[in-house]
Amino acid sequence: MPTRDAPLGVFDSGLGGLTVVRALREALPAEDIVYLGDTARVPYGTRGPATVIKYASGCAKQLVHRGVKAVVIACNTVSAVAPERLRVDLDLPILEAIGPGAKAAVDASKTGKIGVLATAGTIASGAYARAIAALDTRAEVIGQPAPLLVPLAEEGWTDGDVPRLAARKYLAPLAKANVDVVVLGCTHYPILRHAIEIEAKDLIGPDVTIVDSAHAIAQSVRSFLEQRDMHRVRDVRGGIELLVTDAPKSFEEVASRFLGAAVPHVELIDL
Ligand code: DGL
740 MPTRDAPLGV FDSGLGGLTV VRALREALPA EDIVYLGDTA RVPYGTRGPA
790 TVIKYASGCA KQLVHRGVKA VVIACNTVSA VAPERLRVDL DLPILEAIGP
840 GAKAAVDASK TGKIGVLATA GTIASGAYAR AIAALDTRAE VIGQPAPLLV
890 PLAEEGWTDG DVPRLAARKY LAPLAKANVD VVVLGCTHYP ILRHAIEIEA
940 KDLIGPDVTI VDSAHAIAQS VRSFLEQRDM HRVRDVRGGI ELLVTDAPKS
990 FEEVASRFLG AAVPHVELID L
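Here the sequence shown stands for residues 740 to 1010, numbered as in my numbering.
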């Protein structure tokens, strides 16, 4: 079994999970992190559950092979369909994204009308609706697939007319349903947060709350590790190792901009 000094493994289909890495580095600065972006197969959100489970198993096994102490699924699409399977197949903690996002949304909503922007796969799975209903039976969930936001984030096209127009289209049904909270239910979406927030305030109203599930996920990982004495205690900042399955150069460019720091060499791997 890996010790508490082993790194945390984190994966997503591409860049999106870096939003979780950024939040994890704030919440758990001493932890080393191995991040895997499956850039050869992004997007996951348009695929069926069996394919997503197959891809997710490959990613998680690679992280286990690298000696991680726990796997953080920094992807809502995978979290919607694969955690149980990964828990059965891999003998170490698997932490997912939807439970923490649902809890943050329920805590933030005053009216109980919660909008969820997510991939087509996540919305079709009904996972957010179930997770929210388990916390508050009166809450009403309005799910809206927002698939175009993923390639925009991967391209690093995060501001200006195109992302704003796309965000506006996807937010319109949520505004119509009078939600007071919009959950960014895909880890790519916080990369476009600025554009989404401007349009949400304009369409829904200035008091709308945007829930960035990256922070909620990081807090849940922190409590999980602390409760089990699995967190790393030291004064030194943890390092990051970045792995991708395709196009390491472009990943490095967007990643360094996004993480707000020069990123280490990005290693190209095959799963
Ligand atoms: N970032 C992922 C999510 O949270 C997947 C996006 C995709 O690959 O479609 O759902």
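By construction, the Cβ of each residue, glycine as well, lies at the ideal position given by its N, Cα and C atoms.
> Going by C-alpha distance, which of 796, 951, 938 is nearest residue 930?
Replying inline: Residue mapping note: residue 930 aligns to position 191 of the sequence shown, counting from 1. Looking from the CA of residue 930, the closest CA among 796, 951, 938 belongs to 951.
> Do residue 954 and the ligand DGL come close, with the Cβ less than 7 Å from some heavy atom?
Replying inline: On the sequence shown, residue 954 is found 215 positions in, with the first residue counted as 1. Not so, every heavy atom of the ligand DGL lies at least 7 Å from the Cβ.
>> Tell me the DSSP secondary structure of residue 696 in three-state form.
In response: Residue 696 is absent from the structure shown; the chain starts at 740 and stops at 1010.
> Which runs of the alpha helix (DSSP H) spanning at least 4 residues fall entirely within the stretch 815-866, listed in chain order?
Replying inline: As for any alpha helix (DSSP H) of minimum length 4 sitting wholly inside the stretch 815-866, the runs are 815-820, 822-828, 837-847, 859-864, ordered along the chain.
> On the premise that residue 871 lies in contact with residue 916, defined as a C-beta separation below 8 Å, what is that separation, rounded to the nearest angstrom?
Replying inline: Within the sequence shown, the letter at position 177 stands for residue 916. Within the sequence shown, the letter at position 132 stands for residue 871. Not a contact, Cβ separation roughly 14 Å.
> What is the DSSP secondary structure of residue 741, reduced to helix, strand or coil?
Replying inline: For the purposes of this step, residue 741 is taken as the residue at position 2 of the sequence shown. In the structure shown, residue 741 sits in coil (DSSP, three-state: anything other than H, G, I, E or B).
> Cβ of residue 844 within 8 Å of Cβ of residue 920?
Replying inline: The residue labelled residue 844 in the question sits at position 105 within the sequence shown. The residue labelled residue 920 in the question sits at position 181 within the sequence shown. Taking 8 Å as the cut-off, the beta carbon of residue 844 is found closer than this to the beta carbon of residue 920.
> Just the Cα atoms here: how many angstroms apart are residue 953 and residue 755?
Replying inline: For the purposes of this step, residue 953 is identified with residue 214 of the sequence shown, where counting begins at 1. For the purposes of this step, residue 755 is identified with residue 16 of the sequence shown, where counting begins at 1. Each residue's alpha carbon lies about 10 Å from the other.
>> Output needed for residue 936: all residues of its chain with C-beta closer than 6 Å, excluding positions within five of it in sequence on either side, in chain order.
In response: Within the sequence shown, numbered from 1, the residue matching residue 936 stands at position 197. Result list for residue 936: 949, in chain order.
>> Closer than 8 Å is the cut-off here; do at least three beta carbon pairs connect the stretch 962-980 with the stretch 860-871?
In response: Fewer than three pairs of CB atoms, one per stretch, sit closer than 8 Å, so the stretch 962-980 makes no contact with the stretch 860-871.
>> Here's the rule I'm using: 16 or more other beta-carbon atoms within 10 Å means buried, otherwise exposed. How should residue 858 be labelled?
In response: As a first step, residue 858 must be located in the sequence shown, where it is residue number 119. Residue environment: residue 858 is assigned as buried (16 or more neighbouring CB atoms within 10 Å of its CB, all protein chains considered).
>> Let me make sure I understand the geometry here. Which of 899, 836, 938 has the alpha-carbon closest to that of residue 912?
In response: For the purposes of this step, residue 912 is taken as the residue at position 173 of the sequence shown. Considering only alpha carbons, the answer is 938.
> Cα separation between residue 1009 and residue 768?
Replying inline: The count along the sequence shown starts at 1 and reaches residue 1009 at position 270. The count along the sequence shown starts at 1 and reaches residue 768 at position 29. Just so you know, the alpha carbons of residue 1009 and residue 768 end up roughly 29 Å apart.
> Helix, strand or coil for residue 746 per DSSP?
Replying inline: Mapped onto the sequence shown, residue 746 falls at position 7. It is coil, neither helix nor strand.
> Between residue 934 and residue 902, which are expected to be in contact by the criterion C-beta below 8 Å, what is the C-beta distance as a whole number of angstroms?
Replying inline: Numbered from its first residue, the sequence shown carries residue 934 at position 195. Numbered from its first residue, the sequence shown carries residue 902 at position 163. Between the beta-carbon of residue 934 and that of residue 902 there is about 4 Å, and that keeps the pair under the 8 Å contact cut.
> So residue 807 and residue 745 are in contact, right, with Cβ under 8 Å, and what is the actual spacing, rounded?
Replying inline: Walking along the sequence shown from the start, residue 807 turns up at place 68. Walking along the sequence shown from the start, residue 745 turns up at place 6. The pair is a contact, with the Cβ atoms about 6 Å apart (cut-off 8 Å).
> Among the residues of its own chain, which have a CB less than 6 Å from the CB of residue 914, if the five just before and after it don't count?
Replying inline: As a first step, residue 914 must be located in the sequence shown, where it is residue number 175. Residues of the same chain with a CB within less than 6 Å of the CB of residue 914, apart from the 5 flanking positions on each side, are 942, 943 in chain order.
> Does the Cβ-Cβ distance between residue 784 and residue 865 come in under 8 Å?
Replying inline: Numbered from 1 along the sequence shown, position 45 holds the residue referred to as residue 784. Numbered from 1 along the sequence shown, position 126 holds the residue referred to as residue 865. It is not a contact, given that the beta carbons lie outside the stated cut-off.
>> Please tell me whether, using a cut-off of 7 Å, the distance from the CB of residue 951 to the nearest non-hydrogen atom of the ligand DGL is below it.
In response: What you label residue 951 is simply residue 212 of the sequence shown in a count that begins at 1. False, no ligand heavy atom lies under 7 Å from that Cβ.
> In three-state terms, what does DSSP make of residue 882?
Replying inline: Looking up residue 882 in the sequence shown gives position 143. In this structure, DSSP gives residue 882 an extended state, which the three-state scheme calls strand.
> Does the separation of the CB atoms of residue 1003 and residue 981 fall below 8 Å?
Replying inline: Locating residue 1003 in the sequence shown gives position 264, counting from the first residue. Locating residue 981 in the sequence shown gives position 242, counting from the first residue. Between residue 1003 and residue 981, the CB-CB gap stays under 8 Å.
>> Quick check on the burial criterion: 16 or more other C-beta atoms within 10 angstroms. Buried or exposed for residue 993?
In response: The residue you call residue 993 lines up with position 254 of the sequence shown. Burial call: buried.
> Taking the alpha-carbon positions, what's the residue 827 to residue 946 distance?
Replying inline: If you number the sequence shown from 1, residue 827 lands on position 88. If you number the sequence shown from 1, residue 946 lands on position 207. One Cα belongs to residue 827, the other to residue 946, and the distance between them is close to 42 Å.
>> So, under 8 Å CB-CB, residue 811 and residue 748 are touching, yes? Tell me the CB distance rounded to an integer number of Å.
In response: For the purposes of this step, residue 811 is taken as the residue at position 72 of the sequence shown. For the purposes of this step, residue 748 is taken as the residue at position 9 of the sequence shown. Separation of the CB atoms of residue 811 and residue 748 is rounded to 7 Å, and the pair is thereby assigned contact status at 8 Å.
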